[in-house]
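Trainee: Just so we're aligned, residue 83 is where the sequence shown starts under my numbering, counting upward by one.
Note that the Cβ used here is the ideal one computed from N, Cα and C, for glycine as well.
Every value quoted in this text rests on a predicted model; they were computed, and no experiment measured them.
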Amino acid sequence: MNNNIIILPDIGNDNMKVTEILVQLGDYIYKDQSIIVVESDKTSIEVPADQEGEIKKICVNVGDIVHTNSPILILLNKEKLTNNTLGINSTKQNKIHNTINILVPDIGIQKMLVKKILVNEKEQIQKNQSLVIIQDKTNIIEIASLYAGYINTIHIKLNSYIKSNDIIITLCINKISNENIILNYNMTSFIKKNNMKGGTQIIQKQTEPEYFYATPYIRKIARQFNINLSTIKGSGNKNRITKEDIMQYIKNNNLDNVRTNDKNIHEKYGPIEIIILNNIQKATSINLTNNWKNIPHVTQHIQADITELESFRIKKNYELKNTHNIKITILSFMIKICAHALKQFPYFNSSIIDETTLILKKYYNIGIAVNTPQGLIVPIIFNVLDKNIIEISKEIILLANKAKNNKLMPQDIKGGCFTISNLGQLRSNFFTPIINAPEVSILGISQAMIQPIWDGNKFIPKLMLPLSLSYDHRIINGVDGVMFLNFICDLISDIRNLLI
Numbered sequence: 083m084n085n086n087i088i089i090l091p092d093i094g095n096d097n098m099k100v101t102e103i104l105v106q107l108g109d110y111i112y113k114d115q116s117i118i119v120v121e122s123d124k125t126s127i128e129v130p131a132d133q134e135g136e137i138k139k140i141c142v143n144v145g146d147i148v149h150t151n152s153p154i155l156i157l158l159n160k161e162k163l164t165n166n167t168l169g170i171n172s173t174k175q176n177k178i179h180n181t182i183n184i185l186v187p188d189i190g191i192q193k194m195l196v197k198k199i200l201v202n203e204k205e206q207i208q209k210n211q212s213l214v215i216i217q218d219k220t221n222i223i224e225i226a227s228l229y230a231g232y233i234n235t236i237h238i239k240l241n242s243y244i245k246s247n248d249i250i251i252t253l254c255i256n257k258i259s260n261e262n263i264i265l266n267y268n269m270t271s272f273i274k275k276n277n278m279k280g281g282t283q284i285i286q287k288q289t290e291p292e293y294f295y296a297t298p299y300i301r302k303i304a305r306q307f308n309i310n311l312s313t314i315k316g317s318g319n320k321n322r323i324t325k326e327d328i329m330q331y332i333k334n335n336n337l338d339n340v341r342t343n344d345k346n347i348h349e350k351y352g353p354i355e356i357i358i359l360n361n362i363q364k365a366t367s368i369n370l371t372n373n374w375k376n377i378p379h380v381t382q383h384i385q386a387d388i389t390e391l392e393s394f395r396i397k398k399n400y401e402l403k404n405t406h407n408i409k410i411t412i413l414s415f416m417i418k419i420c421a422h423a424l425k426q427f428p429y430f431n432s433s434i435i436d437e438t439t440l441i442l443k444k445y446y447n448i449g450i451a452v453n454t455p456q457g458l459i460v461p462i463i464f465n466v467l468d469k470n471i472i473e474i475s476k477e478i479i480l481l482a483n484k485a486k487n488n489k490l491m492p493q494d495i496k497g498g499c500f501t502i503s504n505l506g507q508l509r510s511n512f513f514t515p516i517i518n519a520p521e522v523s524i525l526g527i528s529q530a531m532i533q534p535i536w537d538g539n540k541f542i543p544k545l546m547l548p549l550s551l552s553y554d555h556r557i558i559n560g561v562d563g564v565m566f567l568n569f570i571c572d573l574i575s576d577i578r579n580l581l582i
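Take a look at the structure:
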């Protein structure tokens, strides 16, 4: 492949969705600079550039599904670029003609009725020529093409409904130059006129339309409030529309959120806010619901004495402060202890297949639930039995930072045997963690508290750690659940047992 093309590296998943483009045409980028964000059901990843240079073309759009080796960017170099395969469907005669789909621009979240089609198939159109008139209850919008060319196919029908990014026409274009290709956000058309029903008319520039740049987050806000972004003058670099720009526009125009799914039921009782879940949150919601419905959960609780372990941990952290620059937490010990428990009780390290077959795993990979701005993610620490507490502590920090900064790769969140949900930093007691299928068990950790424990003669203060074990009752019975928890308590109360 041409060395001035940046491609999607192997990130362990062949179906990733582009959720954000972090660069613009003409930008000069540097090696390891993040250029796009891709997302799967379980993770969001910032893809870095593997070389530096000026961006000549952007090959992807927000919403595209990409896979390993998909082209992302083309950078300028001394050689003449010889192809136009970036988002344009070329024929064998592409030296003469290229075809491009003219899409509906950003018209908000709603669908609009096709009121009038202003062109015909096999017709030659000019740049900025109007194509279609659409309307809803409040607006009549005239959409024009950013390209001149010969209409190959009209994809819409009179009195049908269309929405943002639907294909209006397929246009055959003569001798497209690189400068004419606008790849960011599928900008192939623009709103030429917007007539408000009732007489008020907003007329866009009809000569040379002004291109605007906005992140997917800004565009999501625009859809929520039914805002045409071309009416906002951006204050950012290259007229990029910032969050402050769109929020000020909303305030100045006293706009209401148009997402009205059931909102009328709630807003009559007081103010409400509509929040749209991202893909990770949606996937988490679906998975947790399915797991809760399909797995017969049993949760058992116990308190583990960690008094001596905590004293040892504090002492060890003081020693490690200058030598390893790392802090050991209770979670580090719990990960190691749980791996030993899985080895001792193999049914906890299994998966059920087709309700008839049980797979017993001979490896010990522990997942840790991490709360991030994007949602709940469970990165994996692999081969725990082969690692010491310091190595585990370093991996916890590394994975947590990667999760919170969208740097996790798909391989970081696959292959788990058992999950730990740690709420020990929060004021909490016992809870019921939901099993992360295809695993069959999960351990919840709550906040440790000093409690009076009777030793036979008197009450003595002990630091007790609440543990909550949920397991699949199809595979694990109550006795095994209690034995598993007692085994953990024995190890954690005297870590010398780990040496046996």
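Provide the residue span of the alpha helix (DSSP H) that contains V561, from first to last.
Mentor: Locating residue 561 in the sequence shown gives position 479, counting from the first residue. That run of the alpha helix (DSSP H) goes 560-575.
Trainee: Per DSSP, A386 is paired with what?
Mentor: By 1-based counting over the sequence shown, the position of residue 386 is 304. Paired residues: L547.
Trainee: Can you tell me whether DSSP reads E121 as helix, strand or coil?
Mentor: In the sequence shown, the residue the question calls residue 121 occupies position 39. Three-state DSSP puts E121 in a strand.
Trainee: Would you kindly work out how many angstroms separate the C-alpha atoms of V120 and A365, rounded to a whole number?
Mentor: In the sequence shown, counting from the first residue as 1, residue 120 sits at position 38. In the sequence shown, counting from the first residue as 1, residue 365 sits at position 283. If I take the Cα positions, the gap works out to 15 Å.
Trainee: Could you say if the stretch 466-480 and the stretch 406-421 meet the contact criterion of at least three C-beta pairs nearer than 8 Å?
Mentor: Counting Cβ pairs under 8 Å, three or more are found: they touch.
Trainee: Roughly how many angstroms separate the alpha carbons of N361 and T150, rounded to a whole number?
Mentor: Residue 361 sits at position 279 when you count from the first residue of the sequence shown. Residue 150 sits at position 68 when you count from the first residue of the sequence shown. In a straight line, the C-alpha of N361 is about 20 Å away from that of T150.
Trainee: Going straight from the alpha carbon of N447 to that of V214, what length do you get?
Mentor: Locating residue 447 in the sequence shown gives position 365, counting from the first residue. Locating residue 214 in the sequence shown gives position 132, counting from the first residue. Distance between the alpha carbons of N447 and V214: 57 Å.
Trainee: Looking at C-beta atoms only, is the number of pairs between the stretch 438-458 and the stretch 539-550 that lie closer than 8 Å three or more?
Mentor: Counting Cβ pairs under 8 Å, fewer than three are found: no touch.
Trainee: Let me know the secondary structure DSSP gives L265 once reduced to three states.
Mentor: By 1-based counting over the sequence shown, the position of residue 265 is 183. Caution applies to L265, whose pLDDT of 39 falls short of 50 and renders its modelled position unreliable; the value that the coordinates give is listed next. In this structure, L265 counts as coil in the three-state DSSP scheme.
Trainee: Is the shortest distance between the beta-carbon of N97 and the beta-carbons of chain D less than 8 Å?
Mentor: Among the protein chains of the structure shown there is no chain D, as only one such chain exists.
Trainee: Quick check: what's the CA-CA separation for S583 versus E205?
Mentor: Lying before the first or after the last residue shown, residue 583 is absent from the chain, which here runs from 83 to 582.
Trainee: Suppose contacts are defined by Cβ-Cβ distances below 8 Å. Is T181 in contact with Y229 by that definition?
Mentor: Locating residue 181 in the sequence shown gives position 99, where the first residue counts as 1. Locating residue 229 in the sequence shown gives position 147, where the first residue counts as 1. No; because the gap between Cβ atoms is not below 8 Å, this pair is not in contact.
Trainee: Whose C-beta lies closer than 6 Å to the C-beta of I516 among residues of the same chain, with five residues either side of it excluded?
Mentor: What you label residue 516 is simply residue 434 of the sequence shown in a count that begins at 1. Correct list, in chain order: L370, N373, W374.
Trainee: Does the Cβ of E224 have 16 or more other Cβ atoms within 10 Å, making it buried, or fewer, making it exposed?
Mentor: Here residue 224 refers to the residue found at position 142 when the sequence shown is read from its first residue. Classification for E224: buried.
Trainee: Apart from the five residues on each side of it in sequence, which residues of its chain come closer than 6 Å, Cβ to Cβ, to S212?
Mentor: Walking along the sequence shown from the start, residue 212 turns up at place 130. L200, E224, A226, K274, listed in sequence order.
Trainee: How far does the beta strand (DSSP E) with L157 in it reach, from first residue to last?
Mentor: If you number the sequence shown from 1, residue 157 lands on position 75. It spans 153-157 - the beta strand (DSSP E) in which L157 sits, taken as one unbroken run.
Trainee: DSSP puts D554 in a beta bridge; with which residues?
Mentor: The residue you call residue 554 lines up with position 472 of the sequence shown. Beta-bridge pairing links D554 to H379.
Trainee: From K239, V105, G145, pick the residue whose C-alpha is nearest to that of K197; which is it?
Mentor: For the purposes of this step, residue 197 is taken as the residue at position 115 of the sequence shown. The shortest Cα separation from K197 among K239, V105, G145 belongs to K239.
Trainee: Starting from K99, follow its DSSP beta bridges and name the residues at the other end.
Mentor: Position 17 of the sequence shown, counted from the first residue, corresponds to residue 99. Bridge partners of K99: E121, I147.
Trainee: Using the rule of at least 16 other Cβ atoms within 10 Å of the residue's Cβ for burial, across every protein chain shown, is V561 buried or exposed?
Mentor: Along the sequence shown, read from residue 1 onward, the residue named residue 561 stands at position 479. So V561 ends up on the exposed side.
Trainee: Which residues mark the beginning and the end of the alpha helix (DSSP H) in which A485 is found?
Mentor: As a working note, residue 485 is residue 403 in the sequence shown. Segment 471-486, the alpha helix (DSSP H) holding A485.
Trainee: DSSP three-state call for K198: helix, strand or coil?
Mentor: Position 116 of the sequence shown, counted from the first residue, corresponds to residue 198. Strand at K198.
Trainee: Taking DSSP's pairing of strands, which residues face K139 in a bridge?
Mentor: For the purposes of this step, residue 139 is identified with residue 57 of the sequence shown, where counting begins at 1. Bridge partners of K139: I156.
Trainee: Measuring alpha carbon to alpha carbon, tell me which residue in L458, K496, I384 is nearest F512.
Mentor: Looking up residue 512 in the sequence shown gives position 430. The shortest C-alpha separation from F512 is found at I384.
Trainee: Quick one: give me the first and last residue of the beta strand (DSSP E) that L440 is part of.
Mentor: The residue given as residue 440 occupies position 358 in the sequence shown. 439-442 is the extent of the beta strand (DSSP E) around L440.
Trainee: Shortest alpha-carbon distance to M491 belongs to which of I89, I93, I88?
Mentor: Here residue 491 refers to the residue found at position 409 when the sequence shown is read from its first residue. If we check each option's Cα against that of M491, I93 comes out closest.
Trainee: So, helix, strand or coil for A226, using DSSP?
Mentor: Translated into the one-based positions of the sequence shown, residue 226 becomes position 144. Reduced to three states, the DSSP call for A226 is strand.
Trainee: Nearest CA to the CA of D146: which residue from V100, S126, I479, V522?
Mentor: Numbered from its first residue, the sequence shown carries residue 146 at position 64. Per the Cα distances, V100.
Trainee: Out of N518, A485, Q493, which has the shortest C-alpha to C-alpha gap to P378?
Mentor: For the purposes of this step, residue 378 is taken as residue 296 along the sequence shown, with counting starting at 1. Of the listed residues, the one whose Cα sits closest to P378 is N518.
Trainee: Tell me the DSSP bridge mates of Q206?
Mentor: To locate residue 206, count along the sequence shown from 1; it is residue 124. According to DSSP, Q206 bridges with Y232.
Trainee: Which value, in whole angstroms, describes the spacing of the CA atoms of L311 and C254?
Mentor: Here residue 311 corresponds to residue number 229 of the sequence shown, with the count starting at 1. Here residue 254 corresponds to residue number 172 of the sequence shown, with the count starting at 1. Approximately 28 Å between the Cα atoms of the pair.
Trainee: Can you tell me which of I189, Y400, N202, C420 puts its alpha carbon nearest to the alpha carbon of G498?
Mentor: Working through the sequence shown from its first residue, we reach residue 498 at position 416. Cα-wise, what sits closest to G498 is C420.
Trainee: With DSSP run on the structure shown, which of helix, strand or coil describes M491?
Mentor: Indexing the sequence shown from 1 puts residue 491 at position 409. Reduced to three states, the DSSP call for M491 is coil.
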